[in-house]
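Numbering (this note's numbering), first residue to last: 21 to 328. The C-beta atom is built at its ideal place from N, Cα and C for all residues, glycine as well.
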């Protein structure tokens, strides 16, 4: 894989993306996001939440694709709703549903997208070649995109997001369709790029951000539930994770009563993993909390019952 330096430049200027009480309402009683406020500068920020939590709505607003119903987003003190161009000039965006022209080759499609972004032809060709090499697509560069697998098309979407060497990179579920090796490659790439950029990575898969995100923002029910470092989340969940062997016939009842992280069947029964402030069962033993346990604990509506 090509070194990231071949597609990256040093970007020393200060940056600030400020989300000020942003809401998006779709109907009388339906909110995509409600009352979101946050400030972002550099590094990888992981937005974690279940499907339907409001992550994509917030991402589209930050990417200036959708206007908020109320509130505002400031990029270096410029209101992006009134004047989106300063942010768009320095933005790379990978939406959750990324479309391609199936009859174009990767080279043709990326050349077209580079022109749409205003890149010069000579510099665009050089950057496209570097990105195709970096994302392991050079050998398939002249094939029609309609022949690509889902993972290959997703990598083309990542290439489009990186075409203009953005200072702000917004990626909505970027690992969809990628195999385990490709997921690792994406994480390494984003980690290498994050030193002088702001990377907002939306996902419901904890492992996508566990190793690279300096901070996590948990979203549930259209609201920002919590913002913390992974270490802070683990510390706040310590002592609240339990495991024991339960009869298979009791698992459904336990799911109703407790916030269950996993249930693994074995020859002696089902090993259940539960998040609870109190010992949930006489045979339950405390175990070390994982980031997924912390995510479940703080993103779930059951956290009040477990002593959060």
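CA-CA distance, residue i and residue j?
| i | j | result |
| --- | --- | --- |
| residue 245 | residue 162 | 45 Å |
| residue 276 | residue 56 | 30 Å |
| residue 298 | residue 58 | 33 Å |
| residue 317 | residue 257 | 7 Å |
| residue 289 | residue 109 | 57 Å |
| residue 116 | residue 182 | 16 Å |
| residue 219 | residue 237 | 13 Å |
| residue 367 | residue 229 | Past the boundaries of the shown model lies residue 367; the chain is included only from 21 to 328, so the question cannot be answered. |
| residue 216 | residue 62 | 6 Å |
| residue 324 | residue 312 | Legend: pLDDT at residue 324 = 39, less than 50; position of this residue unreliable, no value from coordinates given. |
| residue 105 | residue 84 | 9 Å |
| residue 142 | residue 134 | 11 Å |
| residue 281 | residue 69 | 15 Å |
| residue 212 | residue 155 | 14 Å |
Which same chain residues end up closer than 6 Å to residue i when comparing Cβ atoms and leaving out the 5 residues on each side of it in sequence?
| i | result |
| --- | --- |
| residue 91 | 40, 41, 42 and 43 |
| residue 177 | 114 and 118 |
| residue 253 | 314 |
| residue 191 | 114 and 221 |
| residue 45 | 51 and 89 |
| residue 186 | 110, 111 and 112 |
Let me confirm a value: residue i is counted as buried when at least 16 other C-beta atoms fall within 10 Å, else exposed. Which label applies?
| i | result |
| --- | --- |
| residue 71 | exposed |
| residue 273 | exposed |
| residue 250 | buried |
| residue 75 | buried |
| residue 167 | exposed |
| residue 315 | buried |
| residue 306 | exposed |
| residue 180 | buried |
| residue 308 | exposed |
| residue 294 | buried |
| residue 30 | Note on residue 30: pLDDT 49, under 50, position unreliable in the model; the coordinate value appears next. Exposed, since its Cβ has fewer than 16 Cβ neighbours within 10 Å. |
Let's see if you can read the secondary structure: which residues bound the alpha helix (DSSP H) around residue i?
| i | result |
| --- | --- |
| residue 44 | That residue, residue 44, is in no alpha helix (DSSP H); its beta strand (DSSP E) goes 37-47. |
| residue 81 | 75-82 |
| residue 229 | 227-230 |
Please work out which residues of its chain come closer than 7 Å, Cβ to Cβ, to residue i, disregarding the five sequence neighbours upstream and downstream, and give them in chain order.
| i | result |
| --- | --- |
| residue 301 | 264 |
| residue 196 | 174 |
| residue 198 | 171, 174 and 206 |
| residue 121 | 129 and 165 |
Following the continuous beta strand (DSSP E) through residue i, name the residue where it begins and the one where it ends.
| i | result |
| --- | --- |
| residue 223 | 218-223 |
| residue 188 | 188-192 |
| residue 244 | 243-248 |
| residue 7 | Lying outside 21 to 328, the shown extent of the chain, residue 7 is not represented and no answer is given. |
| residue 400 | Outside the displayed range of the chain (21 to 328) lies residue 400, so it cannot be described from this structure. |
Note down, in chain order, each residue of its chain lying with its Cβ closer than 8 Å to the Cβ of residue i, except the 5 sequence neighbours on either side.
| i | result |
| --- | --- |
| residue 247 | 58, 235, 236, 237 and 238 |
| residue 158 | 149 and 152 |
Could you tell me which whole alpha helix (DSSP H) segments of length 4 or greater appear in the stretch 92-176? 105-108, 126-136 and 141-154
So within the stretch 259-319, which uninterrupted alpha helix (DSSP H) runs reach at least 4 residues, ignoring any that extend past its ends? The stretch 259-319 contains these whole alpha helix (DSSP H) runs: 271-277 and 311-319.
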